[in-house]
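**Q** Residue numbers (this note's numbering): 978 to 1235. For every residue, glycine included, the Cβ atom is placed at its ideal position computed from N, Cα and C. Sharing a structure here in structure tokens format.
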């Protein structure tokens, strides 16, 4: 059980004050120490179609984050798109079911906690915590962590113009298969947003909801949307928050619009 109340806000404030070039590392350290995690990763979405890892505490955290954004699924992606915290208390018994690629990338992880970084309704990034030891994380910890995530984002927005340039020594997946897969997700969301006349972030949430309902990854749903109807066994039905279900089919087909 973690101590009450958590000291995450204080720790993040200190990291922001002294971080300078090491701010991403200090933020990851603050979140892991205060919230009892063993690993952390800090990612930015400078543009929705690009994913940039600012820092991972170790190689398994980097692989965990890469696996999530490669598949277009997992707590990091969900938190970024929904713009609210996502806590998976049992990775093995939850959506990351045994035998799935996401589960394989998180083999020794028991639970995960992801905090979104966003400005109004625009996703900016995510901080994801990985727990290899079972830890009781309460609603109070999550609420305090969300508050701290807001402070972290403010610090990152001030830090980035000075220290977050492309010359910064951090991985940027802009040309390999990870980025190519994430770009396909963004392209599908852009198409759906134009068709439904809604923001891209809302379209991404619609695609994710369809995947959760049908047991498909976000990448699978996006690929189905981008293919002609003749290539699909059936249309992917995308639920809308403010209306009936919409039938999603590719640009080569006449899609049903609610």
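1) Give every residue of the same chain whose Cβ lies closer than 8 Å to the Cβ of residue 1167, excluding the five residues on either side of it in the sequence, and list them in chain order.
2) Taking DSSP's pairing of strands, which residues face residue 1099 in a bridge?
3) Can you find at least 3 beta carbon pairs, one from the segment 1090-1101 and one from the segment 991-1000, that sit closer than 8 Å?
4) Beta-carbon separation of residue 1108 and residue 1087 under 7 Å?
5) Rounding to the nearest angstrom, what Cα-Cα distance links residue 1129 and residue 1160 in this structure?
6) Run the CB neighbour count on residue 1110, radius 10 Å, all protein chains shown included, and call it buried at 16 or more, exposed below.
7) So for residue 1003, helix, strand or coil by DSSP?
8) Using a Cβ-Cβ cut-off of 7 Å (strictly less than) and excluding sequence neighbours within five positions of residue 1195, which residues of its own chain qualify?
9) Return the chain-ordered list of same chain residues with a C-beta closer than 8 Å to the C-beta of residue 1014, the five sequence neighbours on each side being excluded.
10) Drop a sphere of 10 angstroms on the beta-carbon of residue 1036, count the other beta-carbons inside from all chains shown, and report buried for 16 or more, exposed for fewer.
11) In the structure shown, what three-state DSSP assignment does residue 993 receive?
12) Can you tell which of 1030, 1169, 1096 and 1068 has its C-alpha closest to the C-alpha of residue 1059?
13) I believe residue 1126 touches residue 1092 by the beta-carbon criterion, under 8 Å. Please report the beta-carbon distance rounded to the nearest angstrom.
14) Out of 1199, 1172 and 1001, point me to the one whose CA is closest to residue 1017's CA.
15) Report the residue from 1039, 1028 and 1032 whose alpha carbon sits nearest the alpha carbon of residue 1057.
**A** So, from the listed chains and residues:
1) So the qualifying residues of the chain are 1177 and 1180.
2) In the DSSP assignment, residue 1099 is bridged to 1096.
3) In short, these stretches do not touch, since the Cβ pair count stays below three.
4) Closer than 7 Å, so yes.
5) In this structure, the straight-line span from the alpha carbon of residue 1129 to that of residue 1160 is close to 26 Å.
6) With fewer than 16 other beta carbons inside 10 angstroms of its own, residue 1110 counts as exposed.
7) Residue 1003: helix per DSSP, three-state reduction.
8) Answer for residue 1195: 1049, 1050, 1054, 1162, 1184, 1185 and 1188, listed in chain order.
9) So the list reads 1008, 1090, 1106, 1107, 1108 and 1112, once near-sequence residues are dropped.
10) Exposed, since its Cβ has fewer than 16 Cβ neighbours within 10 Å.
11) Correct three-state label for residue 993: helix.
12) Sorting 1030, 1169, 1096 and 1068 by C-alpha distance to the C-alpha of residue 1059 places 1096 at the top.
13) Rounded, the Cβ-Cβ distance is 4 Å, consistent with contact.
14) Minimum Cα distance to residue 1017 is reached at 1001.
15) Minimum Cα distance to residue 1057 is reached at 1028.
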